[in-house]
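S.K.: Residue numbers (our numbering), protein chains in the order written: chain A, 1 to 113; chain B, 114 to 228. Right, I'll just put the structure down here and ask away after.
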Amino acid sequence: TQLLEQSPQFLSIQEGENLTVYCNSSSVFSSLQWYRQEPGEGPVLLVTVVTGGEVKKLKRLTFQFGDARKDSSLHITAAQTGDTGLYLCAGGHGSGNTGKLIFGQGTTLQVKP
Amino acid sequence: DTGVSQDPRHKITKRGQNVTFRCDPISEHNRLYWYRQTLGQGPEFLTYFQNEAQLEKSRLLSDRFSAERPKGSFSTLEIQRTEQGDSAMYLCASSLRQGRLETQYFGPGTRLLVL
Chain A
1 TQLLEQSPQF LSIQEGENLT VYCNSSSVFS SLQWYRQEPG EGPVLLVTVV
51 TGGEVKKLKR LTFQFGDARK DSSLHITAAQ TGDTGLYLCA GGHGSGNTGK
101 LIFGQGTTLQ VKP
Chain B
114 DTGVSQDPRH KITKRGQNVT FRCDPISEHN RLYWYRQTLG QGPEFLTYFQ
164 NEAQLEKSRL LSDRFSAERP KGSFSTLEIQ RTEQGDSAMY LCASSLRQGR
214 LETQYFGPGT RLLVL
């Protein structure tokens, strides 16, 4: 069974602080997506990384895909209250017939003013 | 709005009743996925369609669950004889497979509560 382990599961920080969320697996994925989900809504895609060692930046968010394509991290600089939400990583296998995603259990982020 | 839509957004039912959910994917997306998400967990894959063909089903999908995509456009997910353990958010996603890359776009979900 392929698993994606996210850590930490919960994070409560003050506005302006930095944070990093980790996503680890023993399996190799051809792509890794990060989603953000608000309560009662579906996940919204933030980024897709496909190349080992790849780093992508989205404003204050920095995403990294591990060299071996088994792990990823999301770093947020100077967190804002609007960053509050559930962050999910999801691994995909692009080479096979199925595009199903394997999700981590999520990291709930609370940014306090 | 050209995103993925799901109906209903919320459903409360009594144990033993049947329920049906609908998903309308983004136009021209050939793949459609169903996932289930329980509180505090990430979504879990249930099944997916490429056009009208159902190509994979998870072991999570018991024989009380059935999904269809009759014309390769919208899809329905039916749960028969609902149980309290079926209470969850049911998410639909659609994608257009282009080479190795595939981006799934999720709908807002249908939250099911079985009493």
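Just so you know, even glycine gets a beta-carbon here, dropped at the ideal spot from N, CA and C.
For K112/A, report the span of its beta strand (DSSP E) as first-last.
M.R.: T107 to K112
S.K.: Can you confirm whether S208/B, when its beta carbon is compared against all beta carbons of chain A, has any partner nearer than 8 Å?
M.R.: yes
S.K.: So is F134/B buried or exposed if we call it buried at 16+ other beta carbons inside 10 Å?
M.R.: buried
S.K.: When burial is assigned at 16 or more other CB atoms within 10 Å of the CB, is V55/A buried or exposed?
M.R.: exposed
S.K.: Could you tell me how far apart the beta carbons of S207/B and H142/B are, in whole angstroms, since I believe they sit closer than 8 Å?
M.R.: That belief holds up - the Cβ atoms of S207/B and H142/B are roughly 4 Å apart, short of 8 Å.
S.K.: Give every residue of the same chain whose Cβ lies closer than 7 Å to the Cβ of P221/B, excluding the five residues on either side of it in the sequence, and list them in chain order.
M.R.: Here the set comprises Q119 and R122.
S.K.: For P43/A, decide whether its Cβ has a neighbour in chain B, counting only Cβ atoms nearer than 8 Å.
M.R.: yes
S.K.: Could you check how far apart the C-beta atoms of S25/A and K70/A are, in whole angstroms? I think they sit under 8 Å.
M.R.: 5 Å
S.K.: Got a sec: which bits of the region 43 to 57 of chain A sit with their beta carbon under 8 Å from any beta carbon on chain B, in order along the chain?
M.R.: Listed by position along the chain: P43, V44, L45, T48 and V50.
S.K.: Closest to Q217/B by C-alpha separation, out of W147/B, K184/B, L190/B and R177/B, would be which residue?
M.R.: W147/B
S.K.: Per the contact definition of three or more C-beta pairs closer than 8 Å, is the region 18 to 33 of chain A in contact with the region 101 to 110 of chain A?
M.R.: Yes: at least three Cβ pairs fall under 8 Å.
S.K.: Secondary structure at G82/A, three-state DSSP: helix, strand or coil?
M.R.: The answer is helix: DSSP assigns G82/A an H, G or I state.
S.K.: What do you get for A79/A, buried or exposed, if any count of 16 or more other CB atoms within 10 angstroms of its CB means buried?
M.R.: Of the other Cβ atoms in all chains shown, 16 or more fall within 10 Å of the Cβ of A79/A; this residue is therefore buried.
S.K.: What residues of chain B sit near Q105/A, judged by a beta carbon separation below 7 Å?
M.R.: Result: Q154 and G155.
S.K.: Should F156/A be labelled buried (16 or more other beta-carbon atoms within 10 Å of its own) or exposed?
M.R.: No information on residue 156/A is available, as it lies outside the stretch 1 to 113 that chain A covers here.
S.K.: For Q147/A, count the other beta carbons within 10 Å of its own beta carbon; 16 or more makes it buried, fewer makes it exposed. Which is it?
M.R.: Residue 147/A is absent from the model: chain A starts at 1 and stops at 113.
S.K.: Please report whether the beta-carbon of K70/A lies at a distance below 8 Å from any beta-carbon of chain B.
M.R.: no
S.K.: Rounding to the nearest angstrom, what Cα-Cα distance links P43/A and P8/A in this structure?
M.R.: 19 Å
S.K.: Would you verify that the beta carbon of P221/B is, or is not, closer than 8 Å to some beta carbon of chain A?
M.R.: yes
S.K.: Would you please verify whether the beta carbon of G91/A is less than 8 Å from any beta carbon of chain B?
M.R.: no
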